[in-house]
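Residue numbers (full-length UniProt numbering), protein chains in the order written: chain A, 1 to 615; chain B, 1 to 549.
Glycine included, every Cβ here is placed at the ideal spot set by N, Cα and C.
So the structure is just underneath, and the comments pick up after that.
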Amino acid sequence: QVEQVKLLDRFSTSNKSLTGTLYLTATHLLFIDSSQRETWILHHHIAAVEKLPLTTSGCPLVIQCKNFRIVHFVVPRERDCHDIYNSLLQLSRTAKYEELYAFSYNPKQNESEQVKGWQLIDLAEEYKRMGVPNAYWQLSDANRDYKICETYPRELYVPRTASKPIIVGSSKFRSKGRFPVLSYYHKNKEAAICRCSQPLSGFSARCLEDEHMLQAISKANPSNRYMYVMDTRPKLNAMANRAAGKGYENEDNYSNIRFQFVGIENIHVMRSSLQKLLEVSGTRGLSVNDFLSGLENSGWLRHVKAVLDAAVFLAKAIAVESASVLVHCSDGWDRTSQVCSLGALLLDSYYRTIKGFMVLIEKDWISFGHKFSDRCCQLDGDPKEISPVFTQFLESVWNLTEQFPQAFEYNEAFLLQIHEHVHSCQFGNFLGNCQKEREELKLKEKTYSLWPFLLAEQKKYQNPLYNPDFSPELTLLEPNTVSFNFKFWRNMYHQFDRSMHPRQSMFNLIMSTSEQNKQLEEDIKELEAKIKQRNGQSDVVLVKEQEQTAHPPAVALKTPPCFQKEQPPMPVNDAVRTIEGSNTADNRYSELVSEFSKAEPAVVSLEYGVARMTC
Amino acid sequence: MEFAELIKTPRADNVVLHRPFHPAVEGTLCLTGHHLIVSSRRQDNAEELWLLHSNIDSIEKRFVGSLGTIVIKCKDLRIIQLDIPGMEECLNIASSIEALSTLDSVTLMYPFFYRPMFEVLEDGWSSFLLEQEFELLSSVTNEWRLSCVNKEFSVCPSYPPVVIVPKCIDDEALRKVALFRQGGRFPVLSYYHKKNGMAMMRSSQPLTGTNGRRCKEDEKLINATLRSGRRGFVIDTRPLNVAQQARAKGGGFEQEVHYPQWRRIHKYIERFNILQESFIKLVEACNDQSHNMDRWLSKLEASNWLTHIKELLTAACLAAQCIDREGASVLVHGSEGTDSTLQVTSLAQIILDPRCRTIRGFEALVVREWLQAGHPFQQRCAQSAYSNSKQKWEAPVFLLFLECVWQIHRQFPCSFEFNEQFLILLFEHAYASQFGTFLGNNENERAKLKLPQKTMSLWSWVNRPEELSRFQNPLYEANSLVIWPSVAPQSLQLWEGVFLRWNRPSRFLEEAEEERINIIKYNKELQAKVNALRRQLAEMETDEEVQEE
């Protein structure tokens, strides 16, 4: 505990600050300012801590979080600062999975609830929903004991004609043994999205089993003999891989394939791209042109567009040409996950529902071995393995929700909350790098699943504009990917920078109004029932008694929505913690109300303080 | 009738109309004195396009064999294409359109011929008189008076006949001050902040020249707005060096020696051709669908449009801050005081004054701070982003103002009574209209053209209840606070409603907007119903009580 700590406003040039007390708990860093507002930061969210040179007012400490929060403290005494710094370094770097928050987190659920929670998303059920197994596709037991591929799930769907020797042979010809398997089956078009890793083709190597495998996939599609093979890497990278004995499919060796590069950059490019973006957007007193050129130089939006373009290509191949598509990159767990899941999202409206989106993430990301632990740096590890691949996926989805405001059951807050928990290590879902590892960690016994918690508060994540009939089942969503449609995702990258957001949120207002409408509908039913009852009732006294006990106060509903619009759900950040009972004050929106009613010249004064006027 | 001479081919059949994101339509093209009409008579899909000639910014023609193609680029930024069979017809039509869309004489413009099909409930020409404004003002302060010194437009040709000035300054002094300010634009009241009695005035630059000429009456006039012992701020919309250079041409700025109670702040706002070029570049960038991400972003940056938006918003915030936070009076001017000055004063009022965020209040603001204040609409809006002629006096000054309002609207979506469509409507009508409101460059010209007698006012039409309902913001809840927008680049956005309006399919966005409105409407219905039921129940209860007794 350190007192008299100052929290500086990140974008303020006038050194506006809040003074308060800093606490370190086993799991969180807590700052309580003089007006008792709390800022909670989970240790696992801390990406970097930096001690800046001593100033006259104290020792500055900058904490960067994985959810893009950046806090700037000034600690009066250097020794305290040093202590905090060291503690945070230790606390934020975890060496073993067992030390992660998820293993100590106890949401007060009993065992059967815990088990049920983990059963909420059932992938076998999901494949059944897609329509497999069927005459062409079957469940393979080849990887039942993770013998063929450690990073794949136990249960894999392959063409019926792909025999075990073919599977084994093909897996030996694919990087990390990740042979072609079914990711999504489009039952109307009878076409499939399959995924794998790059072939170990080098400059000339061939593998008959692998060629048979692809043939089996194309034969499993009765409507189109041709299949696409999408290599999601830039051509140059794929060619460079040939020198290492890897590479891409030679069209001459595989019958009936159309090979296509789509040019999504690798994890290292993405990592430095986002870093550049954050550097630019974190600049104080940023000019419009510096922002735009920074946005351009970072390449971030270009990458997001590339990912979405690839998904559109994939979805069109299936919906328009009824062609099956095999997607791979290098190892088939980053770009391949992005493209397969986004493609399926465009094809199947189920994934645009709250439950469906959870299924999609469980299937294409968690079960197929996207290395969440490495990419999100859950344990202290190789910094070169960190990459915002999943963040980019969420951003692509957000772009789609912007273009199709009525097509998604979930809202932006849902995406932000998932992003929050991918990094929080509070729930077991995203721990580890693959299913095998998760089983070894006994996550289902020792930790809890995130999904039931999100479902329990799904009201917060519902898009009030959602129209379930927006597109008929299995019709393609066709986004416009002209460059101007891609925007900087302010609510993600400046989630905690209140001064940048609209002071009144249209979204929140619509959200609360829609919520209120449901309540009103019920009230009307109730009132009508009462009136009916009263009309037919002679026993007046009894009804009146009921009346007095059950009468909902009318006042609550009549308050002008003017004030309501500021309050309710900005569920972004406090959602799960509320269950935990720890903190709601982190809800930046409630702070905004007071700020707004005080009518402070929030940003203007910061940037153009009159004191700084020059004559 | 002179139009007939210009129309060599009044009609062509089998013309195909292409619009982006619409299926091509085949139909008949007709040219009238003021309209280009394409109508298809297909039974299943009868459609008519009426385009005002004055909305046409530029046309291009090309031929493939005997099939001619005319590409029409409009001032509202839409681009349409007409395929016309027959070379001669096509040439005739193209030259007619060119002639009709560039008529020299104002009196040949459509507003002079337009016959409204609606009943006028309220004549918009007299909806917003300065006298009414003054009445409101005099209910809170008696420090100001209405002056008719400019009755014959003799003191300042670009001012309205009546202006509001400090009470202690007589007309004689005003005449002297007018001689000291460019174009006779002496300082007048633009806005009075009821909360603290501070005033915002606007004028043109003082004519100090190189030898530092002074005008005692001018000093007295602006000092009259100061509380004793308090300072005021002069916001000069030019950079210091430009203001200094202006002295060589007889212009200048308020020097400290003569205006010791005033602090001068130079807040540069771009003008004229720089803005026009920026506008042209932005529209070019938005219209090219083939740009990759880097090219799009660099073009967006190169247009500088959002920089202008940020600078303008910042200047307006600064003016508002001086008044509301510092409790100081403000004088705003640039050179002529007809462009950037008005942008700043009108935006500051949007920030400060809740009334300007209502529909009528906003209309009044546009009338007071733009039309009556002498913003030369006819010059500035003669051509839009597709014009080839680069006249020095064309500039999207008013559009920039509207966009800044939109940016604030985005940040305070519940604080405005009007919606985005209302702003777009004003943009369209400023450039091409059947109404006379935006014709002429100032009140003097409007009076000479007898616009109020000969043309219909936009406000007469807009303020009819059935039209008004289209422009109402369902989220509006009167908000009496000062609203401070964020001017961080991350908070500013491209105004898609104007710049991407014709460049992308908008159906889904429109449907979502409709759904939003429905949710709000439904909420109101439900509340009404709940209240009615409660009342009914309460009545039943009391009835029963009476019966019991």
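Inter-residue spacing [alpha-carbon to alpha-carbon] between residue i and residue j
i: His82 (chain A); j: Trp40 (chain A); result: 20 Å
i: Leu224 (chain B); j: Val177 (chain B); result: Just to set this straight, residue 224 (chain B) is Ala in the shown sequence, not Leu. In a straight line, the C-alpha of Ala224 (chain B) is about 14 Å away from that of Val177 (chain B).
i: Val280 (chain A); j: Lys108 (chain A); result: 43 Å
i: Ala323 (chain A); j: Gly332 (chain A); result: 20 Å
i: His43 (chain A); j: Asp382 (chain A); result: 19 Å
i: Ser40 (chain B); j: Glu496 (chain B); result: 30 Å
i: Ser330 (chain A); j: Asn266 (chain A); result: 9 Å
i: Gly263 (chain A); j: Arg352 (chain A); result: 26 Å
i: Lys66 (chain A); j: Pro153 (chain A); result: 28 Å
i: Gly252 (chain B); j: Leu136 (chain B); result: 35 Å
i: Val158 (chain A); j: Val168 (chain A); result: 12 Å
i: Thr161 (chain A); j: Lys235 (chain A); result: 31 Å
i: Gln564 (chain A); j: Thr513 (chain A); result: Residue confidence for Gln564 (chain A) is low, a pLDDT of 32 falling below 50, so the modelled location carries little weight; the figure read from the coordinates is stated next. Cα-Cα distance, rounded: 9 Å.
i: Gln36 (chain A); j: Phe73 (chain A); result: 17 Å
i: Glu420 (chain A); j: Leu431 (chain A); result: 13 Å
i: Ala285 (chain B); j: Lys299 (chain B); result: 6 Å
Continuous alpha helix (DSSP H) stretch holding residue i: start and end
i: Asn535 (chain A); result: 506-536
i: Val163 (chain B); result: Here Val163 (chain B) belongs to no alpha helix (DSSP H); instead the beta strand (DSSP E) covers 163-166.
i: His409 (chain B); result: 397-411
i: Arg271 (chain A); result: 267-281
i: Leu6 (chain B); result: 2-6
Cβ of residue i within 8 Å of any chain B Cβ
i: His72 (chain A); result: no
i: His494 (chain A); result: yes
i: Leu295 (chain A); result: yes
i: Ile366 (chain A); result: no
i: Gln533 (chain A); result: no
i: Thr513 (chain A); result: yes
i: Phe486 (chain A); result: yes
i: Asn480 (chain A); result: yes
i: Asp523 (chain A); result: yes
i: Arg10 (chain A); result: no
i: Phe404 (chain A); result: yes
i: Lys219 (chain A); result: no
i: Met500 (chain A); result: yes
i: Leu346 (chain A); result: no
Cβ-Cβ separation, residue j to residue i (assumed contact under 8 Å), whole Å
i: residue 551 (chain B); j: Glu89 (chain B); result: As displayed, chain B neither begins before 1 nor continues past 549, which places residue 551 (chain B) out of reach and without an answer.
i: Ser460 (chain B); j: Asp123 (chain B); result: 6 Å
i: Val75 (chain A); j: Ile84 (chain A); result: 7 Å
i: Phe180 (chain B); j: Pro157 (chain B); result: Not quite, the Cβ-Cβ distance comes to about 16 Å (not below 8 Å), so this is no contact.
i: Tyr191 (chain B); j: Ala348 (chain B); result: 7 Å
i: Phe427 (chain A); j: Leu441 (chain A); result: 13 Å between Cβ atoms; not a contact.
The beta strand (DSSP E) enclosing residue i, as first and last residue numbers
i: Val71 (chain B); result: 67-74
i: Ser17 (chain A); result: 17-24
i: Asp231 (chain A); result: 227-231
Any chain A beta carbon closer than 8 Å to residue i
i: His333 (chain B); result: no
i: Lys61 (chain B); result: no
i: Leu533 (chain B); result: yes
i: Lys392 (chain B); result: no
i: Met540 (chain B); result: yes
i: Arg247 (chain B); result: no
i: Pro376 (chain B); result: no
i: Gln411 (chain B); result: yes
i: Asn523 (chain B); result: yes
Closer than 8 Å to chain D by CB, residue i
i: Arg79 (chain A); result: The displayed structure is made up of protein chains A and B, and chain D is not among them.
> Is it true that the region 315-330 of chain B meets the region 291-309 of chain A, where meeting means three or more beta-carbon pairs spaced less than 8 Å apart?
Replying inline: no
> Should the region 403-411 of chain B be regarded as contacting the region 376-391 of chain B, the criterion being three or more beta carbon pairs within less than 8 Å?
Replying inline: no
>> Contact between the region 453-467 of chain A and the region 340-356 of chain A is defined here as three or more beta-carbon pairs at a separation below 8 Å; is this criterion met?
In response: yes
>> Three Cβ pairs or more, each shorter than 8 Å: is that satisfied between the region 217-231 of chain B and the region 248-263 of chain B?
In response: Contact between the region 217-231 of chain B and the region 248-263 of chain B is established, with three or more Cβ pairs separated by less than 8 Å.
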